[in-house]
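Number of protein chains: 2
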Amino acid sequence: MTGASTEVGRGKGDLTRRRILDAAAAEIARHGPAGASLGAIAAAAELQTGSIYFHFASKQRLVEAVLEEGISASLRRLDEMAVPTGTPAQRLRAGVHAHLRALAELSDYAAVVLAPQFAARQPPGFRALRREYLRRWTELIADAQADGTLAAGPEPGEVRDLLIGALNAAGLAGQDPARTADAVFALLRLPPC
Amino acid sequence: MTGASTEVGRGKGDLTRRRILDAAAAEIARHGPAGASLGAIAAAAELQTGSIYFHFASKQRLVEAVLEEGISASLRRLDEMAVPTGTPAQRLRAGVHAHLRALAELSDYAAVVLAPQFAARQPPGFRALRREYLRRWTELIADAQADGTLAAGPEPGEVRDLLIGALNAAGLAGQDPARTADAVFALLRLPPC
DNA sequence: CCTCGAATCTGTTTCTCGTTAGATTCTAAC
DNA sequence: GTTAGAATCTAACGAGAAACAGATTCGAGG
Chain Y
1 MTGASTEVGR GKGDLTRRRI LDAAAAEIAR HGPAGASLGA IAAAAELQTG SIYFHFASKQ
61 RLVEAVLEEG ISASLRRLDE MAVPTGTPAQ RLRAGVHAHL RALAELSDYA AVVLAPQFAA
121 RQPPGFRALR REYLRRWTEL IADAQADGTL AAGPEPGEVR DLLIGALNAA GLAGQDPART
181 ADAVFALLRL PPC
Chain F
1 MTGASTEVGR GKGDLTRRRI LDAAAAEIAR HGPAGASLGA IAAAAELQTG SIYFHFASKQ
61 RLVEAVLEEG ISASLRRLDE MAVPTGTPAQ RLRAGVHAHL RALAELSDYA AVVLAPQFAA
121 RQPPGFRALR REYLRRWTEL IADAQADGTL AAGPEPGEVR DLLIGALNAA GLAGQDPART
181 ADAVFALLRL PPC
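Residue numbers (the UniProt record's numbering), protein chains in the order written: chain Y, 1 to 193; chain F, 1 to 193.
What follows is the structure, given as C-alpha cells:
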C-alpha cells in the first residue's frame, strides 16, 4: 500500500522526508486530506508529530507535496512509454499501459491525485502538471480518432475523460494492469497487437 | 448543486431533515466527510449547530444517511429505466442513461457516494444497496456479452467497473448526460438506435 | 385560552489537532 | 575531542469542532 520511491535521496533527512510523504499519501488516501492527522502520519513514519515541521512548513504544504509527487510521477511514466513513434493505435495502447502501471505502482499517491475533492483548490504547480498530463492524452486520442482506431464522433476531450475514468476505476480497485488493458482494448475493438 | 428530493415528507421536521441532508451532501462533496463541519452544514441549512442532533444522533449517522440516500436514489432510477424488456443492447443503453441521469440529478449525493474514501468502512445498509446496484449492472453486461453487443472476452464484473468508472468521470465533470451517452455508444460501437 | 409535545436555540464541556518554541541528540568535519 | 549544524524530541498553547444539557419557542388539539 505504500507508493513508489524514485530519486535516491542523499542525506538522512531526505529519507525521512520520503517516509513522511509515503505515510501522508497513505493516510490521505484513506481518510481524505482533512481526515488525515499529522499524528497518524508521524506515527506511520515513526516520528514525533512536531518533527514533521522540520521537513514541511505546514500540513497544507505536505498535502501539496504529496499531490505534486503523484502527478509528476504519473507524467514521468507516460513520457517513458507513450513516445511519439509508431501508429496511433500502438501509442494509445502504450498510454493505457503507462496509466495503469502508474496507478498500480503509485497506489496511494495516485488515489490522492484522483480524489474528486482535488478537482478544485489545486496548488499552483499541480494544476500545470495536471494540464500537461491531460494534454498528452488528448493528443493520443485525437490521433487515434483521425486514424479510425477510435470512433470519430465525440470530442477528443470527452473520450479522454471517459477512458481515463474507466482506467482509474479499474486501477484503484486493484485490478491487474495487463488484464485491465486487454479488457479495454477488447471493448474498444482495437485490432490485436 | 443541491440534490434531488423524493418522497414528500409530512411534518415540518421532515423538511428540516431533508434540508440538513442536502446541506451535508454539498459540504461533504466539497470537503470530504472529515472536512465537513456541523457548523457549516447547520449554517447552510439555516439552523443552529446543536439543532442537528434532534434529527441525527451523531455526525457519523448523518454521513451514513447521506450515503444511503445517494445510493438508494441511484438504484431507484436504475429500476425505473432499465426494466427487463427489450434486447440486451436496448437495456444496456437504458442503464447508461439511468446512471448518467442519476449523476446529474443527485450531483452532491452522487459525488459523496463515489468518493474513493468510501470504498472501505461503509455503513451496513449502504453495502447491501451498493451490492444490489452492481449486481443489476453485471446482469446487463453479461447479457450484452452473450448477445455479441459487447466483446465477450473480459469478465462481466471487469467490464462493469470500467463502464461505470467512465460514466462517473463524465458525470462528475458535469458533462451533458445525453452527449456522454452518445460518446460511450460510439466508442463501444453499439448499433445506433 | 391552555396545554403538551415537537422543534429549535443557547451556552457549556470536552477533546482533537495544528502549530510553535525550546531543549536534546545525532553526525560529520576539523 | 570539540564544535557546529542538522535532525529529532518534548511540552505546551490556542483554535475549532463534536457532543451534550437545559431553556425557549412554535403549533396543533382540546
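The C-beta atom is built at its ideal place from N, Cα and C for all residues, glycine as well.
Member of Y:Glu105, Y:Ile141, Y:Asp22, Y:Arg131 whose CA lies at the smallest distance from the CA of Val66 of chain Y:
Walking along the first sequence from the start, residue 66 of chain Y turns up at place 66. Closest option to Val66 of chain Y, Cα to Cα, is Y:Asp22.
Contacts around Leu114 of chain F, its chain only, beta-carbon distance under 7 Å, and the 5 residues preceding and following it disregarded
Counted from its first residue, the second sequence places residue 114 of chain F at position 114. Hits under 7 Å: Asn168, Leu172.
Do three or more CB pairs link the region 140-150 of chain F to the region 89-101 of chain F at distances below 8 Å?
Counting C-beta pairs closer than 8 Å gives three or more between the region 140-150 of chain F and the region 89-101 of chain F, which meets the contact rule.
Taking the C-alpha atoms as reference points, what is the distance between Gly50 of chain F and Tyr109 of chain F?
Here the question's residue 50 of chain F lines up with position 50 in the second sequence. Here the question's residue 109 of chain F lines up with position 109 in the second sequence. So the alpha carbons of these two residues sit roughly 23 Å apart.
Relative to the C-alpha of Leu75 of chain Y, which residue among Y:Asp14, Y:Val63, Y:Ala102, Y:Leu163 is closest?
Against the first sequence, residue 75 of chain Y aligns to sequence position 75. Cα-wise, what sits closest to Leu75 of chain Y is Y:Ala102.
Run through chain Y and tell me which residues come within less than 8 Å of Gln175 of chain F, C-beta to C-beta.
The sequence position of residue 175 of chain F within the second sequence is 175, counting from 1. In chain order: Glu158, Asp161.
Would you mind listing the alpha helix (DSSP H) stretches within the UniProt domain "HTH tetR-type" (14-74) of chain Y that are 4+ residues and don't spill past its ends, in chain order?
38-44, 52-55
Please classify Asp161 of chain F as buried or exposed, where buried requires at least 16 other C-beta atoms within 10 Å of its C-beta.
Taking the second sequence and counting its residues from 1, the one referred to as residue 161 of chain F is at position 161. It counts as buried.
Please report the distance separating the alpha-carbon of Ser107 of chain F from that of Asp14 of chain Y.
Counted from its first residue, the second sequence places residue 107 of chain F at position 107. Counted from its first residue, the first sequence places residue 14 of chain Y at position 14. Their Cα atoms are separated by approximately 42 Å.
Proximity to Leu78 of chain F [Cα-Cα], best of F:Pro124, F:Ala186, F:Arg130
By 1-based counting over the second sequence, the position of residue 78 of chain F is 78. It is F:Arg130.
Return the Cβ separation of Ala186 of chain Y and Ala144 of chain F in integer angstroms, given the expectation that the two are a contact with Cβ distance under 8 Å.
As a working note, residue 186 of chain Y is residue 186 in the first sequence. As a working note, residue 144 of chain F is residue 144 in the second sequence. Actually they do not touch by this definition, with Cβ atoms about 13 Å apart.
Cβ-based neighbour list, Arg17 of chain Y, same chain, cut-off 6 Å, excluding 5 preceding and 5 following:
Working through the first sequence from its first residue, we reach residue 17 of chain Y at position 17. Once the five neighbours on either side are set aside, the close Cβ partners of Arg17 of chain Y are His55.
Environment of Val83 of chain F [buried if 16+ CB atoms lie within 10 Å]:
Numbered from its first residue, the second sequence carries residue 83 of chain F at position 83. When all chains shown are included, Val83 of chain F counts as exposed.
Starting from the beta carbon of His99 of chain F, find every residue of chain Y whose beta carbon is closer than 7 Å, and list them in chain order.
Indexing the second sequence from 1 puts residue 99 of chain F at position 99. Ordered by position in chain Y, no residue passes the 7 Å Cβ test against His99 of chain F, which lies about 12 Å from the chain.
Is it buried or exposed, Glu7 of chain Y, if we count other Cβ atoms within 10 angstroms and call 16 or more buried?
Counted from its first residue, the first sequence places residue 7 of chain Y at position 7. At Glu7 of chain Y the pLDDT is 35, less than 50, meaning the model places this residue with poor confidence and gives no usable figure here.
Where does Gln122 of chain Y sit, in a helix, a strand or coil, going by DSSP?
Along the first sequence, one-based indexing puts residue 122 of chain Y at 122. It is coil, neither helix nor strand.
Go ahead and pull the three-state DSSP assignment for Val83 of chain F.
To locate residue 83 of chain F, count along the second sequence from 1; it is residue 83. Residue state, collapsed to three classes: coil.
For Ala29 of chain Y and Ala181 of chain Y, what's the separation of their Cα atoms in angstroms?
If you number the first sequence from 1, residue 29 of chain Y lands on position 29. If you number the first sequence from 1, residue 181 of chain Y lands on position 181. C-alpha separation (whole angstroms): 24 Å.
Under 9 Å (Cβ pairs) to chain F, residues found in the region 81-109 of chain Y:
none
Could you tell me which chain Y residues have their CB closer than 9 Å to the CB of Arg189 of chain F, listed as they occur along the chain?
Your numbering for residue 189 of chain F matches position 189 in the second sequence. Here the neighbours are Ala151, Leu188, Arg189.
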